[in-house]
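K.L.:
If you scroll down you'll find the structure; I have some questions about it.
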Amino acid sequence: MDNTTALPISIRSLTKKYGDLFALKAVDLEIRSGEFLTLLGPSGSGKTTLLMAIAGFNHPDSGSIRFGDAEMVLTPPHKRDVGMVFQSYALFPHMSVAENVGFPLKLRGMAVTERKARVEEALDTVQLSGLGKRGIDQLSGGQRQRVALARAFVFRPRILLMDEPLSALDKKLREQMQIELKHIHRQLGVTTVYVTHDQREALTMSDRIAVINHGELAQVDTPEAIYNKPANEFVADFIGESTMLQLTQDSAGRLTFGDSVVASEAPDPSHKDWSLVIRPERLRVLAKDASAGDRHVIFSGTVTDAVFQGETAFALVKLTGGSTLVVRFGTGAVSEGSRLEAGQSVSVGLIRDDLILIPSDSAQ
Amino acid sequence: MTQTASTTGQAQALNEVALAGQERREQWTLLGLSTPAILVIAIVVLVPVGWLFYLSFVGSDGEFSLEHYKKMIEYKSYARVFMTTFQVSLLTTLICILLGYPLAYFLAHLPGRWTGLFMLAVLLPFWTSLLVRTYAWLVLLQRKGLLNDLAMQIGLWDSPIKLVHNMTGTLIGMAHIMLPFLVLPLYGAMKKIEPDMMHAASNLGASPIRSFWNVYFPLSVSGLVAGALIVFVLCLGFYVTPAVLGGGRVVMVATQITAILEYRFDWGAASALGVVLLIATIGVLYLAGRFFKFDSALFGKG
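Sequence lines, in order, name chains A and B. Its first residue numbered 0, the first sequence is counted upward by one per residue in numbering that gives the first Met the number 0. Its first residue numbered 0, the second sequence is counted upward by one per residue in numbering that gives the first Met the number 0.
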């Protein structure tokens with residue numbers, strides 16, 4: 000083995016069928032050495048199937064999985080040398096914390112003294128030093144999570160897999176662990192593949208996100224790009240809140256919605272139908288008599304609901320055409336939306352620089 | 000509560016007495032509900048056992064005496080009976096473990112729709128009469144029985160082998176009858192082992208064999224011990240099968256008790272045997288309980 004701490008993973012046309020259903024449909028994915036990549040998708044999208052295939056727990060029907068240069072698709076799981084954190088943690092209840100963490104080292108024939116040091120070091124990394132003698136049933140949920148993590152990286156695998164490891168924790172602890180996991184990832188430098196259905200978690204932690212749906216990759220990119228430049232309606236809808244407006248192309252080639260001209264030309268002339276993706280926080284409540292300027296695309300309508308949610312609030316605005324926009328704003332004293340009430344008629348503007356136009360697939 | 004306490008300035012908290020009273024009434028209700036069960040146990044278990052205990056201390060002259068217990072120490076035949084009893088019980092338990100562990104594993108890992116069918120196969124004999132099953136084995140194993148006929152036809156052996164009216168027959172019959180008692184608790188324990196446990200073991204680098212010995216087996220051992228204990232204790236007092244398939248050559252305590260009553264009509268001696276067997280059984284359970292507590296401390300809640 001060489002001395003690098005991380006290995007790239009190269010997945011080529013990986014296919015897995017359950018009966019007639021494609022769990023994975025010829026998936027191609029290059030995971031870079033040392034990056035934190037999240038597989039994000041709704042339940043049943045194939046994200047866990049893909050992770051299990053990387054770990055070796057299920058047999059794909061065809062395709063290739065390479066760790067570095069080595070083909071792994073036929074290698075049994077216990078010879079793949081990847082660490083994994085399970086959703087259920089899968090800690091061994093008949094072993095103490097130290098025995099759990101030391102288990103992979105023991106299997107690798109490491110001497111007792113060295114093993115002890117490594118276990119202590121790993122427990123230290125996850126801030127559990129001194130708890131080695133505890134039984135698993137004496138630990139809280141968050142502590143078990145940390146033990147599972149320590150056990151997964153203690154043998155210095157060059158690939159670390161995590162299957163929704165935080166889903167059993169309460170919100171506050173989950174958010175704390177997200178940051179902590181990110182720290183540990185940076186510290187270890189190991190290639191990490193993380194599975195979640197929680198888009199906020201994915202945005203928080205990842206170097207890149209692979210959005211997966213119906214066994215196919217919908218988009219693979221950085222969190223910013225996934226959010227700001229969704230490649231298709233699924234990604235736009237799945238990541239973040241959004242309202243999608245179906246645009247029409249007029250004779251001059253302009254894209255319009257009702258009376259508002261959204262763009263003077265389509266981003267790609269070869270495609271005819273376009274949708275405008277509107278993120279609620281990108282909308283501004285404007286003065287009632289605001290006219291269409293160069294800076295904003297203006298929509299006018301009536302407030303149907305105004306909802307306070309703590310740090311933010313949102314209003315539902317029913318447009319004259321019938322669609323409903325969500326407008327989200329801060330709740331500070333100067334917030335322009337803080338005086339909105341149901342029944343009020345308003346104009347909302349979308350800054351032209353923020354436009355997200357995607358080819359619409361409503362034709363399907 | 001704090002408000003009431005501070006305004007009235009008294010130690011009594013709001014509704015404290017009423018709530019405590021309600022809880023007491025609930026406990027009395029529960030006790031009342033369990034009374035019939037307690038009575039049944041008292042009448043059908045404690046009273047007869049107490050009576051036997053008393054009888055075992057009554058000598059042939061009707062006075063208090065230890066003669067029955069003295070005889071048990073003096074005569075070698077009694078020791079032999081106890082030896083046989085423990086030997087048969089231990090061997091039956093071992094056979095049940097060897098057959099039952101793979102069977103329970105197989106059942107626990109069947110796809111859902113097959114589990115019911117195979118479980119039925121395990122339980123069906125459980126529901127048929129003990130006597131019927133025992134005589135069925137007699138038919139199968141006797142000199143001109145099915146097994147001997149078949150084996151001789153395909154040339155496994157030339158002349159009939161003695162498979163019944165001896166230890167072999169007794170063990171075959173008893174293992175068959177006891178198997179479900181071992182398989183059921185074991186199956187339960189195995190079903191509770193998450194598949195992720197085995198995934199984790201193999202992910203951490205354990206070969207299938209090491210995964211089994213280091214993770215699966217320790218997690219299933221609670222069910223195995225429970226099942227083995229049930230089998231062993233049931234075997235200690237077993238009567239029908241050793242009596243029929245042992246053909247008088249395998250004398251266990253229960254068989255001996257019957258013999259004493261049938262031929263000598265000696266209630267005192269029979270009772271003394273029963274008492275000793277009962278104490279031995281309780282001793283086994285106690286030791287197992289101690290071992291098991293030690294065990295669960297070692298293995299967690301596995």
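Glycine included, each C-beta is placed from N, C-alpha and C at the ideal position.
1. When you compare only the Cα positions, how much space is there between A:L165 and A:F307?
2. Where DSSP assigns a beta bridge to A:I297, which residues make up the other side?
3. Taking the alpha carbon of A:H213 as the point to measure from, which residue in A:T255, A:D19 and A:S9 has its own alpha carbon closest?
4. Check whether the stretch 91 to 110 of chain B and the stretch 225 to 236 of chain B are in contact - that is, three or more C-beta pairs closer than 8 Å.
5. For a test of the three-state rule: what should DSSP assign to B:I153, helix, strand or coil?
6. Tell me which residues share the same chain as A:G82 and place their Cβ nearer than 6 Å to its Cβ, disregarding the 5 neighbours each side in the sequence.
7. I want to verify the contact list: residues of chain E whose CB lies under 9 Å from the CB of A:R145, in sequence order.
8. With A:L285 as the anchor, note down where its beta strand (DSSP E) starts and where it stops.
9. Within 7 Å (strictly less), CB to CB, does A:M109 reach chain B?
10. In whole angstroms, what separates the C-alpha of A:G348 from that of A:D220?
11. Between B:S295 and B:M196, what straight-line distance do the alpha-carbon atoms span, to the nearest angstrom?
12. Under the three-state reduction of DSSP, which class applies to B:T133: helix, strand or coil?
13. Taking C-alpha atoms, which residue in B:S221, B:N213, B:A199 and B:T169 lies nearest to B:R248?
14. Give me the Cα-Cα distance between B:Y104 and B:Y53, rounded to the nearest whole angstrom.
15. By DSSP, does A:V302 sit in helix, in strand, or in coil?
16. Does the distance from the CB of B:M251 to the CB of B:T83 come in under 7 Å?
17. I need the boundaries of the beta strand (DSSP E) containing A:W273, first residue and last residue.
18. Would you tell me roughly how many angstroms separate the C-alpha atoms of B:G282 and B:I153, rounded to the nearest one?
19. Just the chain A side, please: which residues come within less than 7 Å of B:N14 by C-beta, in chain order?
20. Tell me whether A:T195 is buried or exposed, calling it buried when 16 or more other Cβ atoms sit within 10 Å of its Cβ.
21. Is A:V296 near A:A314, with beta carbons less than 7 Å apart?
22. So which residues on chain B does A:L244 lean against when the C-beta distance must stay under 9 Å?
23. For my contact list, A:V261 and A:A235 are in at a C-beta cut-off of 8 Å; report their separation, rounded to the angstrom.
24. Apart from the five residues on each side of it in sequence, which residues of its chain come closer than 6 Å, Cβ to Cβ, to A:H182?
25. Anything in chain A within Cβ reach of B:H198, meaning under 9 Å, just list it in chain order.
26. Check for me: the beta strand (DSSP E) holding A:I10 runs from which residue to which?
27. Please decide whether A:F307 counts as near chain B, where near means a Cβ-Cβ distance under 7 Å.
28. Assign A:A147 to one of two classes, buried (16 or more other C-beta atoms within 10 Å of its C-beta) or exposed (fewer than that).
29. Return the CA-CA distance between B:W113 and A:A209, expressed in angstroms with no decimal places.
30. Go to A:Y193, then tell me how far its beta strand (DSSP E) extends in each direction, as first and last residue.
31. Can you give me the Cβ contacts of A:R143 inside the same chain, cut-off strictly under 8 Å, excluding the 5 residues immediately before and after it?
32. If we cut at 7 Å on Cβ distances, does B:L119 have a partner in chain A?
33. Can the beta-carbon of B:A107 be found closer than 7 Å to that of B:K190?
34. When the cut-off is 7 Å and only beta carbons count, does B:N219 lie next to chain A?
35. Using a Cβ cut-off of 7 Å (strictly closer), state whether A:P41 contacts chain B.
36. Between B:Y262, B:V87, B:T127 and B:W156, which lies nearest to B:F237 when the distance is taken from Cα to Cα?
P.N.:
This is what the structure holds:
1. Approximately 28 Å between the Cα atoms of the pair.
2. A:G348
3. A:D19
4. yes
5. coil
6. A151, F152, P156 and L159
7. Among the protein chains of the structure shown, namely A and B, there is no chain E.
8. From DSSP, the beta strand (DSSP E) with A:L285 extends over L282 to L285.
9. no
10. 28 Å
11. The predicted model places B:S295 with a pLDDT of 46, which falls under 50 and marks its position as unreliable, so this point remains unresolved.
12. Helix, per DSSP.
13. B:T169
14. 47 Å
15. strand
16. yes
17. W273 to I277
18. 48 Å
19. Within chain A, no residue comes near B:N14; the closest Cβ sits about 33 Å away, beyond 7 Å.
20. With 16 or more Cβ atoms within 10 Å of its Cβ, A:T195 is classed as buried.
21. no
22. The premise fails here: A:L244 is roughly 44 Å from chain B at the closest Cβ pair, so nothing lies under 9 Å.
23. Not confirmed; about 15 Å, so no contact.
24. none
25. Here the neighbours are M51, A54, F56, P76, M83, F85 and A89.
26. I8 to Y17
27. no
28. Classification for A:A147: buried.
29. 38 Å
30. T190 to T195
31. Y88, L90 and I135
32. Not an interface residue.
33. Yes. Within cutoff.
34. According to the sequence shown, residue 219 of chain B is Ser rather than Asn. Not one chain A Cβ lies under 7 Å of B:S219.
35. no
36. B:V87
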